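> Mind having a look at this structure? Questions to follow.
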Amino acid sequence: MGLLTIIRKTRLKERQIRVLCLGLDNAGKTTIVRRLLGEDISLISPTLGFNIRTIVHIGYTLNIWDIGGQSSLRPYWRNYFEVTDAVIWVVDSSDRERMADCRDELHELLREERLAGASLLVLANKQDISGALTSEEIADALELCSLRSHTSTIMPCSARLEPAVSVASSEASRPGDPRIWKGLDWIVTEVGRRVYYGVGNPLVAESSVKIPGDCENFVKIQSDCVV
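Take a look at the structure:
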């Protein structure tokens, strides 16, 4: 039995996924995490350090590190990179003026060797705000197609929206925007395929489709959620 097989068997038994939730300040990182946990979001203060929250999803335990995004805190992000399986990058879709800064910080982050191979979910948050950029516009602004070393996808969402009536009954009990849960589905699928089962294993269901063209590592989640 090879070392890789032993590691996979050990991690499969634990079924834990380490996720970093990052982004610029005021993007809505803490609001998203609290909403997923069904907690009150009426009073949210800037995160000055980090919070570790746990969500059990599709049989996996996601340990989510919600880390402050102020410019003074970003140099300390590197302290949390070890053994990271996925990165959730939260974007304020209404903050057009800082989109270039958002792109630069993301690309600088993903050049870090300790994050090599980590799956990247971009949440285009605050879609409920008038004039917000679409997920396609944000994907272009962040130059996601150029991220060759990471499998990535983007999902539009709003941390402050409740599920619509048309959401399937199996998802109705989930708090918050169902599109965020769709993003977590993608993380579990990608990390499960890469870390636990290996690419192409039939035990991990497909949840996304490739976009044709040059974006080899960028996938678009198919979503029929109405919000």
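First residue of the sequence shown? That's 3 in my numbering, and the numbers climb one at a time after it. We put the beta carbon where it would ideally sit given N, CA and C, even for glycine. Predicted model, so just to flag it, every value in this text is computed and none were measured.
Taking all protein chains shown into account, decide if A207 is buried (16 or more other Cβ within 10 angstroms of its Cβ) or exposed.
Below a pLDDT of 50, predicted positions are generally treated as unreliable, and A207, at 41, falls in that range; the measurement from the model is reported next regardless. A207 should be labelled exposed.
> I'd like the span of the beta strand (DSSP E) that includes V89, first residue to last.
Run containing V89: 88 to 94, per the beta strand (DSSP E) assignment.
> Would the segment 81 to 93 count as touching the segment 21 to 41 if we require 3 or more Cβ pairs under 8 Å?
Taking 8 Å as the limit for Cβ pairs, the verdict is that the segment 21 to 41 does touch the segment 81 to 93.
> Between C23, D42, V21, which lies nearest to P177 when the distance is taken from Cα to Cα?
Measuring from the Cα of P177, the nearest candidate turns out to be D42.
> What number of angstroms, rounded off, separates the C-alpha of A88 from the C-alpha of W67?
The straight-line gap from Cα to Cα measures roughly 11 Å.
> How is D68 classed by DSSP in three states: helix, strand or coil?
If DSSP states are grouped into helix, strand and coil, D68 belongs with the strands.
> Since I believe L122 is in contact with M157 (beta carbons under 8 Å), could you give me their beta-carbon distance rounded to a whole number of angstroms?
About 11 Å separates the two Cβ atoms, so there is no contact after all.
> Less than 7 Å between the C-beta atoms of R55 and A161, yes or no?
Not closer than 7 Å, so no.
> I need the DSSP call for T136, collapsed to helix, strand or coil.
Of the three classes helix, strand and coil, the one that applies to T136 here is coil, per DSSP.
> Whose C-beta lies closer than 7 Å to the C-beta of C159 among residues of the same chain, with five residues either side of it excluded?
Closer than 7 Å at Cβ, skipping near neighbours: L125, A126, N127, Q129, D179, R181, I182.
> According to DSSP, is I156 helix, strand or coil?
Reduced to three states, the DSSP call for I156 is strand.
> Do I19 and Y62 come within 7 Å of each other at the CB atom, strictly closer than that value?
Against a cut-off of 7 Å, the Cβ pair of I19 and Y62 comes out as a contact.
> Given a cut-off of 7 Å, decide if T153 and E192 are closer than it, judged by their beta-carbon atoms.
Contact flag set, yes.
> Name the residue from I60, P48, C147 whose alpha carbon lies nearest to the alpha carbon of D27.
Comparing Cα positions, the closest option is P48.
> Is the beta carbon of L64 sitting closer than 7 Å to the one on V35?
Taking 7 Å as the Cβ cut-off, L64 and V35 do not qualify as a contacting pair.
> Skipping 5 residues on each side, what residues in its chain have a beta carbon closer than 7 Å to that of A134?
So the list reads S95, S96, K128, once near-sequence residues are dropped.
> Tell me whether E16 is buried or exposed, calling it buried when 16 or more other Cβ atoms sit within 10 Å of its Cβ.
It is exposed - the Cβ of E16 has fewer than 16 other Cβ atoms within 10 Å.
> Mind checking who N53 pairs with in its DSSP beta bridge?
The partner list for N53 (beta bridge, DSSP) reads D68.
> Of all the beta strand (DSSP E) runs that stay within the bounds of the segment 74 to 131, which reach a length of 3 or more residues?
Runs of the beta strand (DSSP E) inside the segment 74 to 131: 88 to 94, 121 to 127.
> Just curious, the beta strand (DSSP E) that V21 is in, first and last residue?
Run containing V21: 18 to 24, per the beta strand (DSSP E) assignment.
> Just the Cα atoms here: how many angstroms apart are P204 and C23?
Note that P204 has pLDDT 39, beneath the 50 cutoff, so the model's placement of it is unreliable and the number below is only indicative. Using only the alpha carbons, I get a separation of about 28 Å.
> Using the Cβ count rule (16 or more neighbours within 10 Å means buried), how would you classify T136?
When all chains shown are included, T136 counts as exposed.
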